[in-house]
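So the structure is just underneath, and the comments pick up after that.
There are 2 protein chains.
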Amino acid sequence: MKRQITIKDIAIKLGMSTSTVSRALRDHPDISPKTRAAVKELAALLGYRPNRIALNLRSNETRTLGLIIPEIEHYFFSAIINGIEEIAYKNDYSVMVFQSNESYKREVNNAQAVLTNRVDGVLVSFSKETKDFSHFQKLIDNEIPVVFFDRVTDELQADQVVSDDYQGAFLAVNHLIEKGCKRIAHFAAPQHLALGKGRLSGYHDALLKHSIPFNSDLIFHADTFESSRKIAHTILKRPDRPDGFFTVNDMSAIAVIKAAKDLNLKVPGDVHIVGFENSRSAALCEPELTTVDQFGYDLGREACQILLRRLKEKNSNFKPEKKVIRTKLVVRASA
Amino acid sequence: MKRQITIKDIAIKLGMSTSTVSRALRDHPDISPKTRAAVKELAALLGYRPNRIALNLRSNETRTLGLIIPEIEHYFFSAIINGIEEIAYKNDYSVMVFQSNESYKREVNNAQAVLTNRVDGVLVSFSKETKDFSHFQKLIDNEIPVVFFDRVTDELQADQVVSDDYQGAFLAVNHLIEKGCKRIAHFAAPQHLALGKGRLSGYHDALLKHSIPFNSDLIFHADTFESSRKIAHTILKRPDRPDGFFTVNDMSAIAVIKAAKDLNLKVPGDVHIVGFENSRSAALCEPELTTVDQFGYDLGREACQILLRRLKEKNSNFKPEKKVIRTKLVVRASA
DNA sequence: ATTTATACTGCAATCGATTGAAATAATTAA
DNA sequence: TTAATTATTTCAATCGATTGCAGTATAAAT
């Protein structure tokens, strides 16, 4: 392993001390222009690059952010990572990515890893399994700023960045009603997630506004393609099948479209469907999906900006901030 | 900022030296069982965690891998990241992600960042703009192992992991021919990318096998949704329109499907289409897309495994390795 | 009682860079 | 010419952990 050029190498070659070299490189006023020039020239010649690790040790900073996320392959999350990386890049931070694969156990390991790696701050969207947050509390106890996004909790003193779940759901269901739907099913996320509750509540209130009674028989737990397709298949066969679907994400919505087609039901003739996310696939499926845009990229940017702000302030009177990202109904063909 | 517990804290509290504490913690035989137990107990009590940065400095290792990738949002790349993270996680490595956004300039910065962060090894898929590789050569000069994947070059002495582009393309075009296509268009990637060349060449040879003359008028540069849709629109209106399409990725293929539908052409009745990637969207569009599975997840795993192997060996007689990941034709409805 | 092992533990250097304080060199004033 | 300033540079400690070597204490052997 070839050794990297160090400040010491330069010092020896120039017959001076390491302190002088260090100061010359960072333009300290005490150093004479002649010395400064000589040092810089040799440094450039040798391709000297300061050893970040040594700097990290001294400053107790790494200029690195940790990112703990359920699964990278999901479009929404990859859009968020994109936004986060963008802001980090512009501010000369690096991002370490850890995926929990929706596993609580692995997430605990991730939190551990983030600690050992001594990142300056952490961005988290926790797994569906997570109901205990002590692994994140440990981060906070170590005074590492944590920002939660999308999957958030009020149990911890930490910033949150979320989509406007209530409003998005309200828009979606309102749209379905205006399209004439009377029996609207909701494919919901687990209710221990705030986003699950928020979207259900938006669904509920949109019905209320139009004086449609809320019927809990129309609420299903289905947030994956497979589970949604299966459930949709079942309930679309019933005589009292729903005429509208509002699903918690686009994959579920597209699964419903598939199920409807399997049963020779017309979308949007017989069944109207609205998703949530506005993933790439929403514009590719047939019919194209009406969905609520969550602006994942912007959400990622915002979360990262809040985290960087926290890193800067360092003051103790900490007041958690909750940022809600607007949503927008994107009307396409499915409803 | 609360200070982390250090070995020194434990040493002082126990009235012993830091060396003893250090040795006790790592079960050095010189330390008496009594001392060892006392140290470990207090360490656990205080929640001591070794400072990775100090360790890094001493060992000149970071147990961190750098990943430079064009765009995270692209399904294929996110699948690869997934695979990479999986292997890294299992081997107790962390992954720093940098995206080039298909920009050469940014990629040069990324290479710089990877160097300053002193990662132990780097995984790279370079941007479409990149024709000069000196920024990667600099990594190699610094004896940082580099593994290229998907977008690779022979100009550098580095390992490569790629899809079997030739074979995948051959399978795809062969399939189109067997479905009766006579005029098969190819939407190709830039030809300075090896994958662009490989797929074109597979296309070419499949035609050859069936004695269909190669016609360069049927080759188009189109590797994004937008450009593909536009070009497909134009050529599908011609009287001598192609009856088959083989595109360099799924987005292009789906764009062709959309264009065909816009013109009231039946897929696969009038136009047969085969993509390359097997993204999530391929199974969601209508008709579902026949495509070549690139096994991005496996590709990522393989790339990471090769890199970790390199990190272990450290020997100097370096022979670049080229790993080709099999592909598989996934036949669905579009062809 | 003295020598000789053996069992523990501590000292100090190291990794690479920074920085307050001390030292030296250069310049100016008296 | 000498003292007082000012300009430059070096010394040494620091960040947290590891480790070769030296040192001390205890026990066993002579």
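Protein chains in written order, with our numbering: chain A, 530 to 864; chain B, 530 to 864. All residues carry an ideal CB built from backbone N, CA and C; glycine is no exception. Owing to the predicted nature of the structure, the values given are computational and were not obtained by experimental measurement.
Checking the sheet assignment: what are the DSSP bridge partners for residue i?
| i | result |
| --- | --- |
| I536/A | DSSP lists no partner for I536/A. |
| M625/A | G595/A and M625/B |
| G773/A | I713/A and H801/A |
| K833/A | Strictly speaking, residue 833/A in this sequence is Cys, with Lys absent from that position. DSSP lists no partner for C833/A. |
| D822/B | E806/B and K857/B |
| K851/B | Q689/B |
Which residue's Cα is closest to the Cα of residue i: the options?
| i | options | result |
| --- | --- | --- |
| T682/B | T593/B, L596/B and T659/B | T659/B |
| I802/B | R809/B, R767/B, E817/B and S863/B | S863/B |
| L512/B | P742/B, D822/B and E831/B | Residue coverage of chain B in this structure runs from 530 to 864, which leaves residue 512/B outside it and unanswerable. |
| L828/B | S546/B, P579/B and E614/B | E614/B |
| V777/B | K766/B, L765/B and S757/B | S757/B |
| V648/B | Q689/B, I597/B and S629/B | I597/B |
| Q689/B | I534/B, I835/B and T819/B | I835/B |
| L554/A | L543/A, A572/A, P797/A and D538/A | A572/A |
| T753/B | N646/B, G576/B, P816/B and E600/B | E600/B |
| N646/A | I669/B, L594/B and A608/B | L594/B |
| Y604/B | R855/B, R552/B and F824/B | F824/B |
| I610/B | L765/B, T820/B, C833/B and E631/B | C833/B |
| D746/B | I854/B, G727/B and A717/B | A717/B |
| G576/B | N639/A, R587/A and D670/A | D670/A |
| F743/B | R712/B, L813/B and G725/B | R712/B |
| E842/A | E672/A, V853/A and V796/A | E672/A |
| H721/A | M545/A, R680/A and K708/A | R680/A |
| V796/A | I741/A, E815/A, H750/A and L840/A | E815/A |
| S781/B | K852/B, F606/B, L818/B and T549/B | L818/B |
| R867/B | Y732/B, G727/B, A687/B and Q666/B | Residue 867/B lies beyond the stretch modelled for chain B, which goes from 530 to 864, so this question has no answer here. |
| E831/B | G798/B, G612/B and F606/B | G612/B |
| V800/A | A784/A, S810/A, Y633/A and L813/A | A784/A |
| A608/A | Y826/A, K852/A, R855/A and V853/A | Y826/A |
| V709/B | I741/B, S730/B and R809/B | Residue 709/B is actually Gly in this sequence, not Val. When each option's Cα is compared against that of G709/B, the closest is I741/B. |
| Y732/A | S663/A, E755/A and I706/A | I706/A |
Answer with buried or exposed for residue i, where buried requires no fewer than 16 other C-beta atoms within 10 angstroms of its C-beta.
| i | result |
| --- | --- |
| D559/B | exposed |
| S654/B | buried |
| P768/A | exposed |
| N703/B | buried |
| M530/B | Low local confidence applies: a pLDDT of 48 at M530/B is under 50, so the model's placement there is unreliable, and no value is given. |
| P849/A | exposed |
| N846/B | exposed |
| K474/B | Chain B is shown only over 530 to 864; residue 474/B falls outside these bounds and no answer can be derived. |
| D772/B | buried |
| T763/A | exposed |
| V651/B | buried |
| V626/B | buried |
| Q696/B | buried |
| D779/A | buried |
| N793/A | exposed |
| F775/A | buried |
| H715/A | buried |
| E570/B | exposed |
| R592/A | buried |
| H557/A | exposed |
| I541/B | exposed |
| S656/B | buried |
| N585/A | buried |
| V860/A | exposed |
| N639/B | buried |
| D693/B | buried |
| R587/A | exposed |
Tell me whether residue i, by its Cβ, gets closer than 7 angstroms to a heavy atom of the ligand NAD.
| i | result |
| --- | --- |
| Y826/A | No copy of the ligand NAD appears in this structure; indeed no ligand is present at all. |
Touch test, the segment 556-566 of chain B against the segment 617-630 of chain B, Cβ-Cβ under 8 angstroms, three pairs minimum: no
Inside the segment 723-754 of chain B only - beta strand (DSSP E) runs reaching at least 3 residues: 748-750
Whole beta strand (DSSP E) elements within the segment 639-715 of chain A, 3-residue minimum: 650-653, 675-678 and 688-692
Stretch-stretch touch, CB-based, cutoff 8 angstroms, three pairs: the segment 737-752 of chain A with the segment 673-692 of chain A: no
The segment 688-706 of chain B touching the segment 799-818 of chain B, judged by at least three CB pairs closer than 8 angstroms: Flag = yes, the segment 688-706 of chain B and the segment 799-818 of chain B touch.
Inter-stretch contact at 8 angstroms, needing at least 3 Cβ pairs: the segment 569-586 of chain B / the segment 532-549 of chain B: yes
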